């Protein structure tokens, strides 16, 4: 009897083991990672040479638009006519949001709400529907919004391919559609707004770390998850930079965005190799954990990149790190509202609308530090002039 | 019944055969030798202390899980309980140092409360513990998401984090003693003393044969409920250490329940209850962590860990089933 019970228990445990390792983003949490010391491995299947070249060129492009408002600037703008959408206000603007499931999207959405508040007299109603990271829900959301007399529809798609038909259907109703953050496979939206992108992000960090670390040193690359396009582009650009610089990449590991796991991984590599001379990360979420792993082990923190989250900027300043923070700016959440109002005014807008993607360096670090804001706040929110700052973001 | 003759003949092997700690000690020694051969530096005091410090949470969880398993039940909720506690701690403390210790008490009370609910639902409402604690797992995951809007808020203070992160520095011989290790040692001694007390014997008796235990005057439901409360408390302490070590994260406790159950099984404790020691369970956790460290030194991908855990559960249960059937 007991033997039988134990067997049943074991089988059930094994079945459950699958669900316990799931991450909230519902992406495979543990797939193959490159074996240690095996260099950078194969290039990602998401890599696209043309896109890569374009993004790297944009890093050096001069933006047009007001210099103190990067969210209104555009890189290499191509203006399109919008007179057919012109109508009298105030407007009802609708927004189908992929998710609010991480601090980046939280900060971004608050920034968008504040922009709506700032445009108060011109927007009579702002409708927000969140798809909780589910494609099917977002398809249904967009469909619902089409019946709600919106004057403009903003979409931040959950995934590119699956949401394309829903966005096309929205375009066909004659509604001005604005897509931002992740894209869709169609030209029907009036404009697509996003910053330079993942190749630019990955390249900036990788170039900095490989130039600052000691020649022939060992580099550890920490990635959140495999198979997510926005993260794959970051890694593939970094891989190109590391291969070109001849950096000894001793490991490419996935952290699942878990700080404790990140610390253990870095600790493991310190045990195995004695020293690590550079750390590259595809996102800043666990950068502080990586820094702590060196500090707790009593080792100097090597050149490292993070992102514009305040916890990292604070550690950078306090510990005097050799660091850089490429950004995927949250101020891009302001732009769709501005674009929607311009389109409804019949003004020309750029399509695509490429926003500048600033980098935080040692020189401008101080201007982004803000001790009063929460640790997971993103410094590049462009939100300090908006109504409700800073309380709204706390 | 030939049980008596067989067990008399196998008397010298008895510790080996009935959930004693000799097998797990043997495995541990083999792994230590392998580690020493591959990475002698690992056994130097500072590096060994840091390894023990970061293994403390899973060892505590294994002890907590042991109480529940030896009494004949399971607790699948501990991983999500750890996550919930870390996220709740960050939001309640909200980077205000004066709230550190009150929040620690809230966490301990919360852990005990979750254990109490698990225990009462299992014993009084007669819901199998697999289902009870799986339900609790899902409830906690959902509640944390709802409460935090899908992203952790607030922050942990340095005071809160020092237990999991800092150490007593400049100790002779050891170099530095992580606070986590000291917490572990104190609680491990307490666990051993508890298992030697009347309560400990009752707990094992309940797992071995609840009917007999009941007939001899034991209140089975109360004993098992206390086991769940102990597991909840262990999860609370683990959460304090893990939150201290890594900081706020939605991933803090992911998969820990399986780590703990694997460790307990590896330590020679019978699923279904009544057999095995708490020391075995804790050594099982240590062995599991050492195995992962060894895999790291040999360059085996960390992604293989869940598979290794699964294989251990199957193997250990199969072996123990054979052992017990030969009684």
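Chains as they are written, first to last, in this note's numbering: chain X, -11 to 382; chain C, 139 to 465. Where a beta carbon is used, it is the ideal one built from N, C-alpha and C, also for glycine. Since the structure is predicted, the reported quantities are computational estimates derived from the model, not experimental observations.
Q.
If you follow the beta strand (DSSP E) that residue 194 (chain C) is in, where does it begin and where does it stop?
A. Residue numbering aside, residue 194 (chain C) sits at position 56 when the second chain is read from its first letter. Run containing residue 194 (chain C): none in the beta strand (DSSP E); it sits in the alpha helix (DSSP H), 183 to 208.
Q. Should the segment 257 to 274 of chain X be called in touch with the segment 231 to 239 of chain X, which here means at least 3 C-beta pairs below 8 Å?
A. The segment 231 to 239 of chain X and the segment 257 to 274 of chain X touch, with three or more beta-carbon pairs separated by less than 8 Å.
Q: Could you please give the first and the last residue of the uninterrupted beta strand (DSSP E) stretch that includes residue 165 (chain X)?
A: As a working note, residue 165 (chain X) is residue 177 in the first chain. Where residue 165 (chain X) is concerned, the enclosing beta strand (DSSP E) starts and stops at 165 to 168.
Q. Taking 8 Å as the CB-CB limit, is residue 378 (chain X) close to chain C?
A. The residue given as residue 378 (chain X) occupies position 390 in the first chain. Answer no: the Cβ-Cβ gap between residue 378 (chain X) and chain C never drops below 8 Å.
Q) What are the residues that DSSP puts in a beta bridge with residue 85 (chain X)? A) Your numbering for residue 85 (chain X) matches position 97 in the first chain. X:118 and X:144.
Q: Identify the contact partners of residue 450 (chain C) in chain X, using a Cβ-Cβ distance below 8 Å as the criterion.
A: Walking along the second chain from the start, residue 450 (chain C) turns up at place 312. By Cβ distance, chain X contributes nothing, its closest Cβ being about 10 Å from residue 450 (chain C), past 8 Å.
Q. Comparing the C-beta of residue 256 (chain X) with each C-beta of chain C, is any distance below 8 Å?
A. Reading the first chain from its first residue, position 268 is the one you call residue 256 (chain X). So yes, residue 256 (chain X) belongs to the interface.
Q) Of all the options C:239, C:219, C:269 and C:229, which has the alpha carbon lying nearest to the alpha carbon of residue 251 (chain C)? A) Along the second chain, read from residue 1 onward, the residue named residue 251 (chain C) stands at position 113. The candidate whose alpha carbon is nearest that of residue 251 (chain C) is C:219.
Q: Compute the Euclidean distance between the alpha carbons of residue 417 (chain C) and residue 212 (chain X), then round it to the nearest angstrom.
A: Translated into the one-based positions of the second chain, residue 417 (chain C) becomes position 279. Translated into the one-based positions of the first chain, residue 212 (chain X) becomes position 224. Residue 212 (chain X) has its alpha-carbon roughly 36 Å from the corresponding atom of residue 417 (chain C).
Q. Should residue 459 (chain C) be listed as close to the ligand HEM, given that the test is whether its C-beta is under 7 Å from any heavy atom?
A. With respect to small molecules bound, the structure shown includes none, and the ligand HEM cannot be examined in it.
Q | Interface flag, residue 94 (chain X) vs chain C, CB-CB below 8 Å | A | On the first chain, position 106 is the one that residue 94 (chain X) refers to. Interface residue, yes.
**Q.** Environment of residue 354 (chain X) [buried if 16+ CB atoms lie within 10 Å]
**A.** Indexing the first chain from 1 puts residue 354 (chain X) at position 366. For residue 354 (chain X), the number of other beta carbons within 10 angstroms of its own is below 16, and it is reported as exposed.
Q: Could you spell out where the alpha helix (DSSP H) holding residue 374 (chain C) opens and where it closes?
A: For the purposes of this step, residue 374 (chain C) is taken as residue 236 along the second chain, with counting starting at 1. In the DSSP assignment, residue 374 (chain C) falls within the alpha helix (DSSP H) that extends over 358 to 384.
Q) If you measure beta-carbon to beta-carbon, which residues of the segment 374 to 401 of chain C are closer than 7 Å to chain X? A) Under the 7 Å Cβ criterion, the segment 374 to 401 of chain C contributes 380, 383, 384, 385, 387, 388, 389, 390, 392, 393, 395, 396 and 399.
Q) Would you report the Cα separation of residue 374 (chain X) and residue 55 (chain X), rounded to the nearest angstrom? A) In the first chain, the residue the question calls residue 374 (chain X) occupies position 386. In the first chain, the residue the question calls residue 55 (chain X) occupies position 67. Distance between the alpha carbons of residue 374 (chain X) and residue 55 (chain X): 17 Å.
Q. Three-state secondary structure (DSSP) at residue 307 (chain C)?
A. The residue you call residue 307 (chain C) lines up with position 169 of the second chain. It is a strand residue.
Q. Do you know offhand how far residue 159 (chain C)'s Cα is from residue 258 (chain C)'s?
A. Mapped onto the second chain, residue 159 (chain C) falls at position 21. Mapped onto the second chain, residue 258 (chain C) falls at position 120. So the alpha carbons of these two residues sit roughly 31 Å apart.
Q) Going by other Cβ atoms of all chains shown within 10 Å of its Cβ, with 16 needed for buried, is residue 351 (chain X) buried or exposed? A) To locate residue 351 (chain X), count along the first chain from 1; it is residue 363. So residue 351 (chain X) ends up on the exposed side.
(Q) Quick check on the DSSP output: what are the complete alpha helix (DSSP H) runs of length 4 or more inside the segment 253 to 292 of chain X, in order along the chain? (A) Fully enclosed alpha helix (DSSP H) runs of 4 or longer: 275 to 284.
(Q) The alpha helix (DSSP H) that contains residue 256 (chain C), what's its start and end? (A) Position 118 of the second chain, counted from the first residue, corresponds to residue 256 (chain C). Segment 238 to 261, the alpha helix (DSSP H) holding residue 256 (chain C).
**Q.** Alpha carbon of residue 122 (chain X) to alpha carbon of residue 206 (chain C), nearest angstrom
**A.** Within the first chain, the letter at position 134 stands for residue 122 (chain X). Within the second chain, the letter at position 68 stands for residue 206 (chain C). Taking the straight line from one Cα to the other gives about 37 Å.
Q | Burial state of residue 227 (chain X), where buried means 16 or more other Cβ atoms lie within 10 Å | A | Residue numbering aside, residue 227 (chain X) sits at position 239 when the first chain is read from its first letter. By the neighbour-count rule (16 or more Cβ atoms within 10 Å), residue 227 (chain X) is buried.
(Q) For a quick check, are the C-beta atoms of residue 361 (chain X) and residue 318 (chain X) less than 8 Å apart? (A) Counting from one through the first chain, the residue named residue 361 (chain X) turns up at place 373. Counting from one through the first chain, the residue named residue 318 (chain X) turns up at place 330. Not closer than 8 Å, so no.
Q. Going by the beta-carbon positions, is the gap between residue 467 (chain C) and residue 314 (chain C) smaller than 8 Å?
A. The shown model of chain C, from 139 to 465, leaves out residue 467 (chain C), and the question about it has no answer.
Q: Report buried or exposed for residue 131 (chain X), applying the criterion of at least 16 other Cβ atoms within 10 angstroms of its Cβ.
A: For the purposes of this step, residue 131 (chain X) is identified with residue 143 of the first chain, where counting begins at 1. Counting of Cβ neighbours within 10 angstroms places residue 131 (chain X) among the exposed residues, the total staying below 16.
Q. Out of curiosity, what's the CA-to-CA distance linking residue 57 (chain X) and residue 320 (chain X)?
A. As a position in the first chain, residue 57 (chain X) is number 69, starting the count at 1. As a position in the first chain, residue 320 (chain X) is number 332, starting the count at 1. Rounded to the nearest angstrom, the two C-alpha atoms are 11 Å apart.
Q: Step through the CB atoms of chain C and report whether any lies within less than 8 Å of the CB of residue 170 (chain X).
A: Start at 1 with the first residue of the first chain, and residue 170 (chain X) comes out as number 182. Chain C, which has no Cβ nearer than 8 Å to the Cβ of residue 170 (chain X), makes this no.
Q: Identify every residue that forms a DSSP beta bridge with residue 392 (chain X).
A: Missing from the structure shown is residue 392 (chain X); chain X here goes from -11 to 382 and no further.
(Q) I'd like to check one pair, residue 83 (chain X) with residue 115 (chain X): are the Cβ atoms closer than 8 Å? (A) Residue 115 (chain X) sits at position 127 when you count from the first residue of the first chain. Residue 83 (chain X) sits at position 95 when you count from the first residue of the first chain. With contacts defined as CB atoms closer than 8 Å, residue 115 (chain X) and residue 83 (chain X) qualify as a contacting pair.
Q | Of the residues C:225, C:404 and C:180, the one placed nearest residue 284 (chain C), counting alpha carbons only | A | As a working mapping, residue 284 (chain C) is identified with position 146 in the second chain. Residue 284 (chain C) has its Cα closest to that of C:225, out of C:225, C:404 and C:180.
Q: Mind listing the chain X neighbours of residue 287 (chain C)? Cutoff is C-beta to C-beta under 8 Å, in chain order.
A: What you label residue 287 (chain C) is simply residue 149 of the second chain in a count that begins at 1. What residue 287 (chain C) touches in chain X: 88 and 94.
Q: Count the other CB atoms, across all protein chains shown, that sit within 10 Å of the CB of residue 171 (chain C); report buried if there are 16 or more and exposed otherwise.
A: The residue you call residue 171 (chain C) lines up with position 33 of the second chain. Counting Cβ neighbours within 10 Å, residue 171 (chain C) comes out exposed, since fewer than 16 surround it.
Q) Going straight from the alpha carbon of residue 190 (chain C) to that of residue 322 (chain C), what length do you get? A) The residue labelled residue 190 (chain C) in the question sits at position 52 within the second chain. The residue labelled residue 322 (chain C) in the question sits at position 184 within the second chain. In this structure, the straight-line span from the alpha carbon of residue 190 (chain C) to that of residue 322 (chain C) is close to 9 Å.
Q: Pick helix, strand or coil for residue 225 (chain C), following the three-state DSSP scheme.
A: In the second chain, residue 225 (chain C) corresponds to position 87, counting from 1. In the structure shown, the three-state DSSP call for residue 225 (chain C) is helix.
Q.
Tell me the residue span of the beta strand (DSSP E) that contains residue 182 (chain X).
A. Residue mapping note: residue 182 (chain X) aligns to position 194 of the first chain, counting from 1. Per DSSP, residue 182 (chain X) is one residue of the beta strand (DSSP E) stretching across 179 to 183.
Q) How many Å lie between residue 211 (chain C) and residue 272 (chain C) at the Cα? A) Locating residue 211 (chain C) in the second chain gives position 73, counting from the first residue. Locating residue 272 (chain C) in the second chain gives position 134, counting from the first residue. If you draw a straight line from the Cα of residue 211 (chain C) to the Cα of residue 272 (chain C), it is about 12 Å long.
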